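S.K.: 5 is the number of the first residue of the sequence shown in our numbering; add one for each residue after it.
Ideal Cβ positions, reconstructed from N, Cα and C, are used throughout, including at glycine.
Fair warning: this is a prediction, and the values are worked out from it, not measured in the lab.
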Amino acid sequence: MIVLEGVSKRYRVLEPGRGLRGFVRSLVKPRYREITALDNISLTVPQGQVVGYIGPNGAGKSTTIKIIAGLVRPSAGRVVVAGRDPFRQRTAHQLELGVLMGHRTRLFWDLPVLESLHYHAKVYRLSQSGLDRRIGAMARQFDIEGLLSQPVRQLSLGQRVRCDLALAFLHHPRVLLLDEPTIGLDFDSKALLRSAIRQVASDLQTTVILTSHDLDDVEALSDRIVLLDEGRVLYDGTLRQLRAQYGVLPELRLRLEARADQVRAWLEGLGGVREVYTHDGWLCVAHEGGGAPAAVLARLLPQTSVREMTTHEPSIEEVLRRVYRGAR
5 MIVLEGVSKR YRVLEPGRGL RGFVRSLVKP RYREITALDN ISLTVPQGQV
55 VGYIGPNGAG KSTTIKIIAG LVRPSAGRVV VAGRDPFRQR TAHQLELGVL
105 MGHRTRLFWD LPVLESLHYH AKVYRLSQSG LDRRIGAMAR QFDIEGLLSQ
155 PVRQLSLGQR VRCDLALAFL HHPRVLLLDE PTIGLDFDSK ALLRSAIRQV
205 ASDLQTTVIL TSHDLDDVEA LSDRIVLLDE GRVLYDGTLR QLRAQYGVLP
255 ELRLRLEARA DQVRAWLEGL GGVREVYTHD GWLCVAHEGG GAPAAVLARL
305 LPQTSVREMT THEPSIEEVL RRVYRGAR
């Protein structure tokens, strides 16, 4: 569905001269320096997959999105989206592309939501037959049936974003670009939107590229994550694989009657256990998941009593912090 092969993007930026003399010289004989926004990245995203595309500011996320959207031509490499070159065939491409930017609306501020949806249906060249049924389906999915007659300016942020999502999916796009879809929303609104996005994307088999600084969005929505830094791909895979690769594992935390050295001896060689250490009075057993916690308890309970037990799943933020520390 989306293929990027050896894609690079370089920009020339004017270097301003220092002081008045330097300023005048730059007008007569301008000097430029080259900035590499993307450096030979390759990426393949199959139909229906949701990819979290994340990285610090300046990593190259926005440039990649612009290239996929057909707004920017790469300096080198090959780009194919749904069988098309998105830049050379951008009119046809953009009819099958959905976009949502959480901080910016595509709805008309003073018009009722329904009129905005009808207007964009014409832009996307949707047939009028069945359009009301299609709008009704999106309205039910995103819970905006009671909002269709209201002007956009009267909506709360959460209501407006739900309407924008209905618009983004209205033409059943093959590719959807989501940028900070839940920015500024409360917990309940975020949960509702994440669930709706997953459901509609799955039903329509829409390929989704998600960029967000809200790592809970990334974790909740993404089938796969791509980490970008300074224009290069640092990692491409699942979050579970990332945790394992960088040694950030889930933990079983216990308070026991036995001493830590005894527990280490009892757990030595047990499958799935990667590390045993103490922290703030807890005995922490880092493991690979699956049946490891049950195996740990089965090994320990005949030997000692358990006073307290809890689990700790490392957050995606902890994982990414370790990844980027190792890359620099």
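Does the stretch 127 to 142 come into contact with the stretch 62 to 80, if we say contact requires no fewer than three beta-carbon pairs (one atom in each stretch) closer than 8 Å?
M.R.: no
S.K.: Could you pull the DSSP bridge partners for H283 from this structure?
M.R.: W286
S.K.: If you reduce the DSSP assignment to three classes, tell me which class V156 lands in.
M.R.: Look at V156 here: in three-state DSSP terms it is helix.
S.K.: Taking C-alpha atoms, which residue in S319, T40 and L18 lies nearest to V32?
M.R.: L18
S.K.: Using DSSP with H/G/I as helix, E/B as strand and the rest coil, what is A172?
M.R.: helix
S.K.: Excluding sequence positions up to five away, which residues of its chain have a Cβ less than 7 Å from the Cβ of H176?
M.R.: L208
S.K.: Helix or strand or just coil, what does DSSP make of P90?
M.R.: In the three-state reduction of the DSSP assignment, P90 falls in the coil class.
S.K.: With a CB to CB cut of under 6 Å and the five nearest residues on each side skipped, what residues in its chain are close to R334?
M.R.: The question about residue 334 has no answer, for the chain in this structure spans 5 to 332.
S.K.: Out of curiosity, what's the CA-to-CA distance linking V193 and R157?
M.R.: The question names Val, but residue 193 in the sequence shown is Ser. If I take the Cα positions, the gap works out to 19 Å.
S.K.: Looking at the structure shown, is S46 part of a helix, part of a strand, or coil, going by DSSP?
M.R.: strand
S.K.: Report yes or no: do three or more beta-carbon pairs, one from the stretch 247 to 260 and one from the stretch 302 to 318, lie closer than 8 Å?
M.R.: yes
S.K.: Got a sec, what are the start and stop residues for the beta strand (DSSP E) I69 sits in?
M.R.: From DSSP, I69 is part of no beta strand (DSSP E) but of the alpha helix (DSSP H) over K65 to A73.
S.K.: Less than 8 Å between the CB atoms is what I'm expecting for V117 and I71, so what's the real figure, rounded?
M.R.: With 8 Å as the limit, V117 and I71 do not qualify as a contact, their Cβ atoms being about 31 Å apart.
S.K.: For S199, report the span of its alpha helix (DSSP H) as first-last.
M.R.: F191 to L208
S.K.: Please report the residue range of the beta strand (DSSP E) in which A80 lies.
M.R.: Unbroken beta strand (DSSP E) run through A80: A80 to V85.
S.K.: Beta-carbon within less than 6 Å of D240's beta-carbon, same chain only, minus the 5 sequence neighbours each way: which residues are those?
M.R.: V230
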